[in-house]
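Notes to accompany the following structure.
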Amino acid sequence: MTPVAVMVGANRIVPAAGIIHPLGNAELSPDDEKALRRRIVEQALQALRTEVAKPTVFSSA
Amino acid sequence: MRLELRWFEVRELTVAPATALAGAPARLTGGRLEVDLEALRAQLSTDPRLAGVRLDAVHPGERVRIGRVFDVIAPRAKLDGGVDFPGVLGPIAKAGHGRTAAIAGVAVVATDQQSDQVAGALAVIDMAGPNAELSRFGRTHNLVISAWPAAGTARSEYLAAVRLAALKAGVVLAQAARDAEPARTEVFELPPSPRVPAELAHLPRVAYVFQIHSHQRPTGVDEGILYGDPIRRMLPTIVHPNEVLDGGVVRGFMGRNATTWAIQHHPIIRSLYARHGRTLWFAGVVVTVAHATEPERVRSAFLTAGLVAHTLGADGAILTKIGGGAPHVDMAQAAAHCEALGVKTTVIVEDMSTDGSAEGMILFDFPGVDAMVNVGGGQELLAFPAMERVIGADDLAPKLSGEMRATYGTLCGAIEQIGATTMMAEVR
Amino acid sequence: MPERLRVVCYVNQFFGQIGGEEKAGVEPLSRDGAVGAARAVQQALGDAGTVVATVICGDNYAAEQSDRALAAMVALVAAAKPDLVVAGPAFLAGRYGVACGALCAAVQAQLTVPAVTGMHAENPGVDLYRRSVYIVQTGAEATRMLPEAQRLVALGLKLARGEKIGAPAAEGYFARGVTRNVVTETTAAERATAMLLDKLAGRPFASEVPRPSFASVPAPRLVKTLEGATIALVTDGGLVPKGNPDGIEALNATRYGAYSIEGKDALDAAQYENPHRGYDTTWVKQDPHRLVPVDVARELEQRGAIGKLHETVYSTVGVATTLAQSARMGAEIAEKLRAAGVDAVILTST
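Chains as they are written, first to last, in my numbering: chain U, 78 to 138; chain E, 6 to 433; chain L, 101 to 450.
If you want it as structure tokens, here you go:
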């Protein structure tokens, strides 16, 4: 939950796909679901190489 | 819209033999409600999802512990051809208007014979001792329903059947009051939100935002919550407060510190009604769900705030949550959007701490969301004295009848997240 | 009449009348009866109790040899068999305040004897010990010793007699930051309506929940390029091997597990389960990658987008977990990851 992550001071935050399946979505086809997961992980890698000074949300949009 | 609750005070609940009631399953005489348990049991047993049904009547002062409590229902029955619990028990129809018979002093307690015993999932009611004072349901005469699933019945179907049996039983009990004169009549009448008489236009307009489910556990197909709808994709919706009081909303199957009984007596709606036209103008109710994904949560928060601020034109709003941690944040995010639109908010939270530390009480910190009332901490430990009998949990009787320590959340009715209770976690 | 309570006082070298700063190195010692400032405590006690011993320790010794000083003082206190320990008051004296807090906490925990102390709001002992010790708020200086001692004694007597302790404001102690369920006069719904009307009218209102405050954690910079970095996967979403070998709790967890993914390009759903009770785990059990993205991370490793995927996944259950346990488990996991040469972590949460 993004607001909780911000509140507790997590520094690099990537919104994922939901509480019951943060890195997936059962309603998508297996290929699309994996592509979604890849996008989130790549977003996380992008966040890791970005310097931040305070809790920062990296939105995928 | 005008709703009349016709209240009947029951001081005595007795089990009557079938022949005594001339064919009716229940009879009300003065403050005495007589129930033909066998006839009622036969009526509830017709559901093919249930393999067996047992009914027990228990009374305040008896050294009884009710185990495996799933939900508690207040006995209500629509009069003049109205529909009881539309969409769940009866056909879909508008709730919240006309006359409803309401019995005080009696509750229907549904038990869940499948609930697993892992900490936090098992709820009990004590009919005597100190914990009977802490829960309203320790002070009512309770009709306890124990029902077992028929072979092949899925979990969600079983819970739907149990809940339906409890709603039915509540209606049967209240129907006994159909032709009697009520002890008192309570009228709930609220005009369409914009129609404020000029002399009352100065009153602050207050809305209530009622979160009715959390999709951290998605609802089952049979898990009707709003007029029978499992509200899987529900966007924030305005309802008339009377619809909530009169069976339009029932609790889902996830029962953390929330009962249908509390919804039927909704304490915030009643509190706002009590002050309506005096110190505030009750602007209306928005029902919402807590979502499992970020876009849904943000969208819901925006839309909720929009309805409160722009459609209901509220100056202030009270928000409540249901379920655990995620809905807690969901509610606060909606409150933050209200504040951003200039609507002052008060939220009711549960103390979320599991070790009694004030730092762990809440999971959010949003600008403006600074007025918080709490309903106590469900995780604090409470002593349960030994009881003589256990009802509703035959299999657990040896364990449940003894002295035990369990959480406040284990005592059904000690904490109601919608604010019906007087418990509070005090910071010391 | 209840029996007179046996009370032990703790004071520093100054309030114990041994000397000033030049005597701050004095080791713990015990004197019979009430000595120095402890006489004010005796006066405040009146017939309710007797100061049977006064334990004295130099401020520097207490600060510099804190473990030894504490052990010695606890032994001296124990020898006097008290029903109650009154430490200080320490006012604004920092070393003294910290020692008072430490002694009270130790006496409560090791001897199960109730203890009370007093100090000024800015004494560092307040922040360190108010969670575990009743600290009465006092002035900055010892100008009014008797009334301050009376307030310590009043609270101390309640503690010693097992009487109900009121709210911090009523009893004059610093809020300990602990919560206790109490039954109030009105329902939460009524209180919420009243609070909202106050807020709307611009009247003061008292929120029943303190706003949380979390210390900020400096964000480390990834010093290597991703192509040369070792990345670990950690989750609080509860994925564990079948059988939950570490017995990770379904809620309020105190344990975490370390699970090897060596030689695995993907996770086989049949080999995992999930005890987490905070969300419906159906979908994660169907496909564990919905929580721990080993499949995608392995591809990134093979493609060279990251240097290496760490072969151990850490997992715990994050629901109703206390802050203290979360912080401990986080620190332990971080330490292990650092020791294993991990450069960065992707933590997936539900």
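We put the CB at the ideal spot given by N, CA and C, even for glycine. Predicted model only: the values in this text are computed from it and were never measured.
Quick one: is P199(E) buried, meaning 16 or more other Cβ sit within 10 Å of its Cβ, or exposed?
Counting the other CB atoms within 10 Å of its CB gives P199(E) a total below 16, which places it among the exposed residues.
Quick one: is A103(U) near chain E, going by C-beta distance under 8 angstroms?
No, its Cβ sits nowhere closer than 8 angstroms to a Cβ of chain E.
Which residues in chain U have a C-beta closer than 7 angstroms to the C-beta of D227(L)? List them in chain order.
Correct list: empty, because the minimum Cβ distance to chain U is about 19 angstroms.
If we cut at 8 angstroms on Cβ distances, does E373(L) have a partner in chain E?
Not closer than 8 angstroms to any Cβ of chain E, the Cβ of E373(L) fails to qualify, so no.
G347(E) versus G260(E): straight-line alpha-carbon distance, rounded
Their Cα atoms are separated by approximately 33 angstroms.
Straight-line CA distance for D335(E) to I235(L)?
Whole-angstrom Cα-Cα distance: 37 angstroms.
With 16 other Cβ atoms within 10 Å as the buried cut-off, status of A425(E)
With 16 or more Cβ atoms within 10 Å of its Cβ, A425(E) is classed as buried.
8 angstroms Cβ cutoff, A121(U) in contact with chain E
Interface residue (Cβ-Cβ distance to chain E less than 8 angstroms): A121(U) is not classified as such.
Chain U residues whose Cβ lies nearer than 9 angstroms to that of Y379(L)
Residues of chain U passing the Cβ test: I96 and I97.
Within the 8 angstroms Cβ cut-off, does V81(U) reach chain E?
Chain E contact via Cβ: present.
Mind reading off the beta-carbon distance from G253(E) to P91(E)? Whole number of angstroms is fine, and I expect it under 8 angstroms.
G253(E) to P91(E), Cβ: 7 angstroms. Contact.
Give the residues of chain U in contact with A397(L), contact being defined as C-beta atoms less than 9 angstroms apart.
V118, listed in chain order.
Hey, L203(L) and Y110(L): beta-carbon distance below 8 angstroms or not?
If you check the CB distance, L203(L) and Y110(L) come in under 8 angstroms.
For Q221(E), return the contacting residues in chain U, with the cut-off set at a CB-CB distance below 9 angstroms.
What Q221(E) touches in chain U: I96 and I97.
Chain E residues whose Cβ lies nearer than 7 angstroms to that of M295(L):
Chain E residues near M295(L): T351, A376 and V378.
Within 10 Å of its beta-carbon, does Q371(L) have 16 or more other beta-carbons around it, so buried, or fewer, so exposed?
Taking all protein chains in view, the Cβ of Q371(L) is surrounded by fewer than 16 other Cβ atoms within 10 Å, so the residue is classified as exposed.
I think I361(L) touches R355(L), with their Cβ atoms under 8 angstroms apart; what is that distance to the nearest whole Å?
Cβ-Cβ separation between I361(L) and R355(L): approximately 19 angstroms, too far for a contact (criterion under 8 angstroms).
Find out if the Cβ-Cβ distance for the pair L45(E), L55(E) is shorter than 8 angstroms.
Here L45(E) is not near L55(E), since their CB atoms are 8 angstroms or more apart.
If you reduce the DSSP assignment to three classes, tell me which class A124(L) lands in.
Of the three classes helix, strand and coil, the one that applies to A124(L) here is coil, per DSSP.
Among G225(L), N281(L) and A397(L), which one has its Cα closest to the Cα of L139(E)?
Of the candidates G225(L), N281(L) and A397(L), the one whose C-alpha sits nearest the C-alpha of L139(E) is N281(L).
Give the C-beta separation of A182(E) and L33(E) to the nearest angstrom, bearing in mind that I take them to be a contact with Cβ-Cβ under 8 angstroms.
Between L33(E) and A182(E) the Cβ distance is about 5 angstroms, and since that is below 8 angstroms, they are a contact.
Helix, strand or coil: how does DSSP classify K349(E) here?
If DSSP states are grouped into helix, strand and coil, K349(E) belongs with the strands.
Could you say which of P202(E), G95(E), S120(E) and I78(E) lies nearest to A109(E) if we only look at CA atoms?
Answer by Cα proximity: I78(E).
What residues are listed by DSSP as bridge partners for V40(E)?
Paired residues: V20(E) and A31(E).
So if I threshold CB-CB distances at 7 angstroms, which residues from the stretch 296-328 of chain E count as touching chain U?
Cβ contacts with chain U: A297, T298 and E299.
Distance cutoff 8 angstroms, beta carbons only. Does A171(E) sit that close to anything in chain U?
So no, A171(E) is outside the interface.
Against P504(L), what residues of chain E qualify as contacts under a CB-to-CB distance less than 7 angstroms, listed in chain order?
A query on residue 504(L) cannot be resolved here, the shown segment of chain L reaching from 101 to 450 and no further.
Please list the terminal residues of the continuous alpha helix (DSSP H) segment that includes R195(L).
Counting along the chain, the unbroken alpha helix (DSSP H) around R195(L) starts and ends at G194 to A206.
Look up G149(L) in the DSSP assignment and give the residues it is bridged to.
Its beta-bridge partners are L105(L).
Comparing the C-beta of Q384(E) with each C-beta of chain L, is any distance below 8 angstroms?
Answer yes: the Cβ-Cβ gap between Q384(E) and chain L drops below 8 angstroms somewhere.
Hey, how far is the Cα of S50(E) from the Cα of V167(E)?
One Cα belongs to S50(E), the other to V167(E), and the distance between them is close to 10 angstroms.
Note the first and the last residue of the continuous beta strand (DSSP E) segment covering T325(E).
Note, T325(E): beta strand (DSSP E), G321 to T325.
Selected residue, minimal CA-CA separation from E241(L), among G225(L), W383(L) and M219(L)
The option with the nearest alpha carbon to E241(L) is M219(L).
Reference N367(E); option with closest CA among A187(L), M245(L), E308(L) and L333(L):
Residue 367(E) is actually Ile in this sequence, not Asn. For the residues A187(L), M245(L), E308(L) and L333(L), the minimum Cα distance to I367(E) belongs to E308(L).
Closer than 8 angstroms to chain U by CB, V177(L)
Using a CB distance cut-off of 8 angstroms, V177(L) does not count as an interface residue toward chain U.
Based on DSSP bridge pairs, tell me the residues matched to V85(U).
According to DSSP, V85(U) bridges with nothing at all.
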